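K.L.:
Got a structure for you, questions after.
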Amino acid sequence: MSRFEESAPARGGFSFDLCKRNEMLMQKGLKPSSYLKTGTTIVGLVFQDGVILGADTRATEGPIVADKNCEKIHYMAPNIYCCGAGTAADTEAVTDMVSSQLKLHRFHTGRESRVVTALTLLKSHLFSYQGHVSAALVLGGVDVTGPHLHTIYPHGSTDTLPFATMGSGSLAAMAIFESKYREGLTRDEGVKLVAEAICSGIFNDLGSGSNVDVCVITKGNREYLRNYMLPNPRTYVSEKGYSFSKKTEVLLTKITPLRELVEVIEGGDAMEE
Amino acid sequence: MPKQQANWSPYDNNGGTCVAIAGADYCVIAADTRMSTGYSILTRDYSKIIQLADKSVMASSGFQADVRALQKVLAARHLLYQHQHNKQMSCPAMAQLLSNTLYFKRFFPYYSFNVLGGLDSEGKGCVFTYDAVGSYERVGYSAQGSGATLITPFLDNQLKSPSPLLLPAKDAVTPLSEIEAIDLVKTCFASATERDIYTGDKVEMLVLNASGIRREFMELRKD
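First to last, the sequence lines map onto chains A and B.
For the first sequence, the positions run 1 to 273 when the numbering used here is used.
For the second sequence, the positions run 1001 to 1223 when the numbering used here is used.
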């Protein structure tokens, strides 16, 4: 990646040049910009034919719900999907970037992508940013070597697990998994368990909510079940509805033909090739 | 060594939203029933509303331990008043008592955001809105708590008269009927629940009018 060539310091290792500047700015009163965090519940589990990923659909900005139905299961490759928790921009950017890299790699090698490839690309990117890219991911897929499920933390560490949960609702979801998971689940049992774990996050964690998304990946096939469950319909809709009176009043309409003000040169300079 | 800040706070925020609307001969006071801390729910079934006198009802959001303490102080003071004056406190009198009680703790405040609703001596609806240290004002409607910023603009649009010169704020009782006002409150809470994570579960509504007090509940989203 070209970034390494430009900024590699002469002595090797990390460059902390900007730290002093950042500290100076903070002292001067610059507040770090707020960002959209997903405050999420994401899960994954391995079942007998592959992996199943699940996620809620609420995106929060502090105490406010910014998006009631966002997509947290990101496409990486036809056989690999990745759930993302943490800062929404970071999870989007990092999964898009690695997805593109995997595609180029597929062209280069002529083979189906492997989950460990995506894993290595993600973890090395996150580590090089020392945790400042706030993306906590659950990566799952099926390749020639079999089904795989990994968790990736913002600082770049990874775990390989039969079932995993991340995000603010991870404890609520993990409680369900730890009680009910067993090896060799069927597809229907697996989907049911994943939906139950996400629902646990949705109802017990305030950072998670709205709907359940599920993605089932098996050898040679994947099913992306967007809004698999909608357990939170709006509870009250007023029958009579509400009208908003038009308080804007047109005071003056003035049309200024711009032709009088601007000199138009016919056959002027064409744009340079 | 740089100056160290205290990292223990005596306060916590248990979230929640309260709304009150005054009508010509009724008053609606409503609050959600969710009590939370951080990202967790403590209980889905907690009442933030208390009836202080026969014509005064208070709803409070914020730190519920302070709210409880405040409710106890006001209840005790009301009992004393009844013994000394042989009558119930009127709503405007209770309003001033609440303001004084809050200001008494000006330098270690009750972390409590209150709305007081009821009927005044003429039987008209009245709503008083407070900040944490006791500044208060009689208004036609008010919202406090985590969902207040979502609800207030909607109430301003639906209830506020077009010009403050035509209808001074203190006389702004809404011309809506009791049924319409309750419908409005339900819509406010359903909408606030969609976008505020601390509001939800159930909304408890108290309606005060000449015939007494009525309590209603409505289910809200639980996520």
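Backbone N, C-alpha and C fix where the C-beta goes; we use that ideal spot for every residue, glycine too.
Keep in mind that this is a model prediction, so the values were computed, not measured.
Please decide whether Gly209 of chain A counts as near chain B, where near means a Cβ-Cβ distance under 8 Å.
P.N.:
Counting from 1 along the first sequence, the entry for residue 209 of chain A is found at position 209. Taking Cβ atoms only, chain B reaches closer than 8 Å to Gly209 of chain A, which makes this a yes.
K.L.:
For Asn79 of chain A, which residues in chain B fall below 8 Å Cβ to Cβ?
P.N.:
Translated into the one-based positions of the first sequence, residue 79 of chain A becomes position 79. Neighbours of Asn79 of chain A on chain B: none; closest Cβ ~32 Å, over 8 Å.
K.L.:
Can you tell me whether DSSP reads Met1089 of chain B as helix, strand or coil?
P.N.:
Numbered from 1 along the second sequence, position 89 holds the residue referred to as residue 1089 of chain B. Correct three-state label for Met1089 of chain B: coil.
K.L.:
Can you give me the C-alpha to C-alpha distance between Met1205 of chain B and Phe1189 of chain B, rounded to a whole angstrom?
P.N.:
Position 205 of the second sequence holds residue 1205 of chain B. Position 189 of the second sequence holds residue 1189 of chain B. The straight-line gap from Cα to Cα measures roughly 11 Å.
K.L.:
Looking at Thr60 of chain A: is its Cβ nearer than 8 Å to the Cβ of Ala66 of chain A?
P.N.:
In the first sequence, the residue the question calls residue 60 of chain A occupies position 60. In the first sequence, the residue the question calls residue 66 of chain A occupies position 66. Yes, the pair counts as a contact, with Cβ atoms nearer than the cut-off.
K.L.:
Going along chain B in order, which residues have a C-beta closer than 9 Å to the C-beta of Arg234 of chain A?
P.N.:
Residue mapping note: residue 234 of chain A aligns to position 234 of the first sequence, counting from 1. Ordered by position in chain B, the residues that pass the 9 Å Cβ test against Arg234 of chain A are Ala1190, Ser1191, Thr1193, Glu1194, Arg1221.
K.L.:
With DSSP as the reference, label Arg1077 of chain B as helix, strand or coil.
P.N.:
Taking the second sequence and counting its residues from 1, one reaches residue 1077 of chain B at position 77. Arg1077 of chain B falls in the helix class under three-state DSSP.
K.L.:
Quick check: Asp1025 of chain B and Ala1210 of chain B, are their CB atoms within less than 8 Å of each other?
P.N.:
In the second sequence, residue 1025 of chain B corresponds to position 25, counting from 1. In the second sequence, residue 1210 of chain B corresponds to position 210, counting from 1. Yes, they are a contact pair.
K.L.:
Residue range of the beta strand (DSSP E) that Pro1153 of chain B falls in?
P.N.:
The residue you call residue 1153 of chain B lines up with position 153 of the second sequence. That residue, Pro1153 of chain B, is in no beta strand (DSSP E); its alpha helix (DSSP H) goes 1148–1159.
K.L.:
Using beta carbons (cut-off 8 Å, strictly below), is Thr41 of chain A in contact with chain B?
P.N.:
Position 41 of the first sequence, counting from 1, holds the residue named residue 41 of chain A. Answer no: the Cβ-Cβ gap between Thr41 of chain A and chain B never drops below 8 Å.
K.L.:
Taking the alpha-carbon positions, what's the Gly1200 of chain B to Gln1064 of chain B distance?
P.N.:
If you number the second sequence from 1, residue 1200 of chain B lands on position 200. If you number the second sequence from 1, residue 1064 of chain B lands on position 64. One C-alpha to the other measures close to 16 Å.
K.L.:
Can you name the residues of chain A whose CB is closer than 7 Å to the CB of Gln1158 of chain B?
P.N.:
Reading the second sequence from its first residue, position 158 is the one you call residue 1158 of chain B. Within 7 Å Cβ-Cβ: Tyr242.
K.L.:
From A:Glu112, A:Arg21, A:Met174, A:Gln130, pick the residue whose C-alpha is nearest to that of Gly146 of chain A; which is it?
P.N.:
Locating residue 146 of chain A in the first sequence gives position 146, where the first residue counts as 1. Of the candidates A:Glu112, A:Arg21, A:Met174, A:Gln130, the one whose C-alpha sits nearest the C-alpha of Gly146 of chain A is A:Glu112.
K.L.:
Go through its chain and collect everything with a Cβ distance to Ile1050 of chain B's Cβ below 6 Å, but skip five positions before and after it.
P.N.:
Along the second sequence, one-based indexing puts residue 1050 of chain B at 50. Counting only Cβ-Cβ distances below 6 Å, and skipping sequence neighbours, we find Met1058, Gln1071.
K.L.:
Suppose you measure from the CA of Ile1029 of chain B to the CA of Ser1142 of chain B; what does that come to, to the nearest Å?
P.N.:
The sequence position of residue 1029 of chain B within the second sequence is 29, counting from 1. The sequence position of residue 1142 of chain B within the second sequence is 142, counting from 1. Distance between the alpha carbons of Ile1029 of chain B and Ser1142 of chain B is about 10 Å.
K.L.:
Does any residue of chain B bring its CB to less than 8 Å from the CB of Asn204 of chain A?
P.N.:
Position 204 of the first sequence, counted from the start, is the residue given in the question as residue 204 of chain A. Yes - at least one Cβ of chain B is within 8 Å of the one on Asn204 of chain A.
K.L.:
Spell out whether any CB of chain B is found under 8 Å from the CB atom of Ser168 of chain A.
P.N.:
Taking the first residue of the first sequence as position 1, residue 168 of chain A is located at position 168. At least one chain B Cβ lies under 8 Å of Ser168 of chain A.
K.L.:
Mind checking which residues open and close the beta strand (DSSP E) that includes Lys1202 of chain B?
P.N.:
Here residue 1202 of chain B is taken as the residue at index 202 of the second sequence, counted from 1. First-last of the beta strand (DSSP E) with Lys1202 of chain B: 1202–1209.
K.L.:
Return helix, strand or coil for Pro1162 of chain B, following the three-state DSSP convention.
P.N.:
Here residue 1162 of chain B refers to the residue found at position 162 when the second sequence is read from its first residue. Any answer about Pro1162 of chain B is weak, because its pLDDT of 49 lies below 50 and its placement is not dependable; what the coordinates show is given next. Here Pro1162 of chain B sits in coil by DSSP.
K.L.:
Taking 6 Å as the limit between beta carbons, can you name the residues of its chain near Thr91 of chain A, skipping five residues before and five after?
P.N.:
If you number the first sequence from 1, residue 91 of chain A lands on position 91. Correct list, in chain order: Gly84, Ala135.
K.L.:
Excluding the five sequence neighbours on either side, which residues of its own chain have a C-beta within less than 6 Å of the C-beta of Ala1020 of chain B, listed in chain order?
P.N.:
In the second sequence, residue 1020 of chain B corresponds to position 20, counting from 1. Contacts found: Ile1029, Val1115, Gly1117, Val1127, Ser1142.
K.L.:
Name the residue from A:Val98, A:Val51, A:Tyr236, A:Leu261 whose alpha carbon lies nearest to the alpha carbon of Ala77 of chain A.
P.N.:
Stepping through the first sequence from its first residue, residue 77 of chain A is reached at position 77. Looking at the Cα atoms, A:Val98 is the closest of the given residues.
K.L.:
Can you give me the start and stop residues for the alpha helix (DSSP H) that Leu119 of chain A sits inside?
P.N.:
Numbered from 1 along the first sequence, position 119 holds the residue referred to as residue 119 of chain A. Per DSSP, Leu119 of chain A belongs to the alpha helix (DSSP H) from 115–128.
K.L.:
What alpha helix (DSSP H) runs, 4 residues minimum, are completely inside the region 146–224 of chain A?
P.N.:
Entirely contained in the region 146–224 of chain A, the alpha helix (DSSP H) runs reaching 4 residues are, in chain order, 170–180, 187–204.
K.L.:
Using a C-beta cutoff of 8 Å, does Lys192 of chain A count as contacting chain B?
P.N.:
The residue labelled residue 192 of chain A in the question sits at position 192 within the first sequence. Not an interface residue.
K.L.:
Does the separation of the CB atoms of Ile80 of chain A and Val116 of chain A fall below 8 Å?
P.N.:
Here the question's residue 80 of chain A lines up with position 80 in the first sequence. Here the question's residue 116 of chain A lines up with position 116 in the first sequence. No, the Cβ-Cβ distance between Ile80 of chain A and Val116 of chain A is not below 8 Å.
K.L.:
For a contact meaning CB atoms closer than 8 Å, what does Ser1036 of chain B contact in chain A?
P.N.:
Here residue 1036 of chain B refers to the residue found at position 36 of the second sequence. What Ser1036 of chain B touches in chain A: Leu206.
K.L.:
Can you give me the C-alpha to C-alpha distance between Leu1159 of chain B and Thr1174 of chain B, rounded to a whole angstrom?
P.N.:
For this step, residue 1159 of chain B is matched to residue 159 along the second sequence. For this step, residue 1174 of chain B is matched to residue 174 along the second sequence. If you take the alpha carbons of Leu1159 of chain B and Thr1174 of chain B, they lie about 6 Å apart.
K.L.:
Can you confirm whether the region 218–228 of chain A touches the region 41–58 of chain A when touching is taken to mean that 3 or more C-beta pairs between the two stretches lie within less than 8 Å?
P.N.:
Yes, the region 41–58 of chain A touches the region 218–228 of chain A.
K.L.:
Contact between the region 163–176 of chain A and the region 122–130 of chain A: three or more CB pairs below 8 Å?
P.N.:
No, the region 163–176 of chain A is not in contact with the region 122–130 of chain A.
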